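Using the numbering used here, the letters of the sequence shown map in sequence onto residues 159 to 561. Built from N, CA and C at the ideal position, the CB exists for glycine as well. All figures in this text were calculated on a predicted structure; none of them were measured in a lab.
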Amino acid sequence: METISAALARRVALAAQGFGRPHPAAVGTRSLNGLIDRVNLLQLDSVNVFERSHYLPVFARLGAYDKAALDRLTFPRRGRYVEYWAHEAAIIPVEDWPLLRWRMDGYRAAALADPDSWASANRPMLDWLRAELATKGPLTAGEVEHDSNVRRGPWWGWSDVKRGLETLFRWGEAVSAGRDRFQRTYALAETALPSEILNREIAATDAVRELLSRSARAHGVGTLGDLADYYRIKKTPALPAVRDLEDTGELLPISVRDWYGGGRSGDRPLRAWLHRDARLPRRIEASALLSPFDPVVWERERAKRLFDFHYRIEIYTPKPNRIFGYYVLPVLLDDRLVGRVDLKSDRQAGVLRVQAAWSEPDAPADTAERLAALLRSAAEWQGLDEIAVADRGTLAPALRRLT
159 METISAALAR
169 RVALAAQGFG
179 RPHPAAVGTR
189 SLNGLIDRVN
199 LLQLDSVNVF
209 ERSHYLPVFA
219 RLGAYDKAAL
229 DRLTFPRRGR
239 YVEYWAHEAA
249 IIPVEDWPLL
259 RWRMDGYRAA
269 ALADPDSWAS
279 ANRPMLDWLR
289 AELATKGPLT
299 AGEVEHDSNV
309 RRGPWWGWSD
319 VKRGLETLFR
329 WGEAVSAGRD
339 RFQRTYALAE
349 TALPSEILNR
359 EIAATDAVRE
369 LLSRSARAHG
379 VGTLGDLADY
389 YRIKKTPALP
399 AVRDLEDTGE
409 LLPISVRDWY
419 GGGRSGDRPL
429 RAWLHRDARL
439 PRRIEASALL
449 SPFDPVVWER
459 ERAKRLFDFH
469 YRIEIYTPKP
479 NRIFGYYVLP
489 VLLDDRLVGR
499 VDLKSDRQAG
509 VLRVQAAWSE
519 PDAPADTAER
529 LAALLRSAAE
539 WQGLDEIAVA
549 DRGTLAPALR
559 RLT
């Protein structure tokens, strides 16, 4: 079994995710489609304090681009992409939707087998919503006229209408037919998807194997847990799929120096696999802000193993208990995560607010200079005229002088 260094594994992982390539002179449809084909999915999240998460991996890999162009690709009522629970809620190629039918079927079976579940207790509501979408759809939750369409509780307190629509969405009976001010528009799958997609049947074992293949391409190198997590597949069904891919030669078993884990002591070498088509770059040149939901860092244990970078999102942490800030983005320079910044787009004032900026202990000497250039690019992309750096974090003083 071949052994590779942790540094090479890091470069392989970044290259597989599309880093280390020059930004295109102009980002058009071809570049956007190519990127999504490479990473397979863009995770969605509603937090908009700096920018919604699905826009950020594109900016990180391609540079400044027109967000409206991405919207036209990803949010039409019928197009090349659709939404589903892939990693979490995510934009995926519509061709991949049948690969997740086993998950949809599992959600439905589990809900209806439980007499205490919301779905079991609200079958008349689900029937009514099916009929409503058949008659009037596509509709946002707010457009559905029903006495129970009232939010319950603060923040994420969904109405029964919203809960029912999301249930049908999880079951694959409803799909997203675009978004209106980021609110999902729901349509029955039979009216929104091409018949060849809707009628395509793929056995669960075949679907899982194909998803693991796509995950492996997007990772370049990874452990079983890494490869399984990309599509939120449990390790038990993932392992035979990985073994099948190993038997066909698509995955090559390797050892990565200093990758340890497992057991009580956590010092057992981890099994890992390299995709046969993975690039093995000698260096990576990159400069990027990473969304908390970027595939490079969304699996926190992998981020720790690859970059020695301990990362937790603190949005849901009470302010007095936050260590680094509210919406903190890791800073990628070349093949290392060298810092983190807490960003806010103050659109009314036209200011990109750097509410905190921190460097990692081994950050290179030019970190502040390169980050300042990156922030100027981000501000311009956001349509903001100024950058204001607050006096918080080890990197803040140097960054303030440069911006």
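For residue i, report the span of its beta strand (DSSP E) as first-last.
i, result
"Ile249", "Ala247 to Pro251"
"Ala536", "Segment Thr525 to Gln540 is the alpha helix (DSSP H) holding Ala536; no beta strand (DSSP E) there."
"Thr161", "Glu160 to Ile162"
What number of angstroms, rounded off, separates the C-alpha of residue i from the C-alpha of residue j?
i, j, result
"Thr349", "Leu323", "15 angstroms"
"Pro352", "Pro296", "16 angstroms"
"Glu368", "Ala526", "42 angstroms"
"Phe327", "Val509", "38 angstroms"
"Ala514", "Val379", "33 angstroms"
"Arg339", "Asp229", "11 angstroms"
"Val170", "His377", "8 angstroms"
"Leu557", "Ser373", "37 angstroms"
"Arg288", "Leu346", "7 angstroms"
"Leu438", "Ala165", "11 angstroms"
"Glu331", "Arg266", "10 angstroms"
"Thr381", "Leu428", "7 angstroms"
"Arg167", "Val302", "Correcting the residue type first, residue 167 is Ala in the shown sequence and not Arg. Rounded to the nearest angstrom, the two C-alpha atoms are 50 angstroms apart."
"Lys294", "Asn280", "21 angstroms"
"Ala396", "Leu172", "23 angstroms"
"Leu190", "Ala183", "13 angstroms"
"Ala507", "Asp384", "41 angstroms"
"Val400", "Arg375", "12 angstroms"
"Val555", "His181", "The amino acid occupying residue 555 in the given sequence is Pro; Val does not appear at that position. For Pro555 and His181, the distance between alpha carbons rounds to 30 angstroms."
"Gly122", "Gln341", "Past the boundaries of the shown model lies residue 122; the chain is included only from 159 to 561, so the question cannot be answered."
"Ser163", "Asp416", "8 angstroms"
"Trp313", "Lys477", "Residue confidence for Trp313 is low, a pLDDT of 39 falling below 50, so the modelled location carries little weight; the figure read from the coordinates is stated next. Using only the alpha carbons, I get a separation of about 17 angstroms."
"Tyr469", "Pro519", "14 angstroms"
"Arg188", "Asp195", "10 angstroms"
Please state whether DSSP places residue i in a helix, a strand or coil.
i, result
"Gln201", "strand"
"Ser445", "strand"
"Glu241", "strand"
"Leu428", "coil"
"Ser334", "strand"
"Tyr344", "strand"
"Lys392", "coil"
"Ser503", "strand"
"Pro488", "strand"
"Ser275", "coil"
"Ser517", "strand"
"Ile471", "coil"
"Leu419", "The amino acid at residue 419 is misidentified as Leu; the sequence shows Gly. Correct three-state label for Gly419: strand."
"Val496", "strand"
"Leu438", "coil"
"Leu397", "helix"
"Ala566", "There is simply no residue 566 to check, as the chain begins at 159 and stops at 561 in what is shown."
"Ile545", "strand"
"Arg550", "coil"
"Leu351", "coil"
"Thr298", "strand"
"Arg236", "coil"
"Arg179", "coil"
"Arg511", "strand"
"Phe379", "First, the residue type needs correcting, since residue 379 is Val and not Phe in the sequence shown. In this structure, Val379 counts as strand in the three-state DSSP scheme."
"Trp314", "Because Trp314 carries a pLDDT of 47, less than 50, the predicted location of this residue cannot be relied on, and the following value inherits that uncertainty. In this structure, Trp314 counts as coil in the three-state DSSP scheme."
Assuming residue i and residue j are in contact, meaning their beta carbons sit under 8 angstroms apart, how far apart are those beta carbons, in whole angstroms?
i, j, result
"Tyr344", "Leu291", "6 angstroms"
"Ala521", "Gly551", "Not really, about 12 angstroms apart at Cβ, beyond 8 angstroms."
"Ile545", "Arg528", "The Cβ separation is near 15 angstroms, so there is no contact."
"Ala436", "Val414", "Rounded, the Cβ-Cβ distance is 13 angstroms, inconsistent with contact."
"Arg494", "Phe465", "6 angstroms"
"Leu220", "Ile249", "At roughly 16 angstroms, the Cβ-Cβ gap does not stay under 8 angstroms, so Leu220 and Ile249 are not in contact."
"Asp452", "Pro215", "5 angstroms"
"Pro450", "Ile481", "At roughly 14 angstroms, the Cβ-Cβ gap does not stay under 8 angstroms, so Pro450 and Ile481 are not in contact."
"Lys502", "Val240", "In fact, because the Cβ distance is near 31 angstroms, the residues do not count as touching under 8 angstroms."
"Ala530", "Leu560", "4 angstroms"
"Tyr103", "Val185", "Residue 103 is absent from the model: the chain starts at 159 and stops at 561."
Can a CB atom of chain B be found closer than 7 angstroms to the CB of residue i?
i, result
"Arg238", "In summary, chain B is missing from the structure at hand, where a single protein chain is found."
How is the alpha helix (DSSP H) around residue i delimited, first residue to last?
i, result
"Leu409", "From DSSP, Leu409 is part of no alpha helix (DSSP H) but of the beta strand (DSSP E) over Leu409 to Val414."
"Asp387", "Leu382 to Asp387"
"Phe217", "Leu214 to Leu220"
"Leu464", "Arg458 to Phe465"
"Phe327", "Asp318 to Arg328"
Give a single yes or no on whether residue i has its beta carbon closer than 6 angstroms to a heavy atom of the ligand PLP.
i, result
"Thr475", "Annotation note on the ligand PLP: not contained in the displayed structure, which lists no ligands."
Subject >> Three or more C-beta pairs below 8 angstroms linking the segment 431-448 and the segment 231-250 >> reply: no
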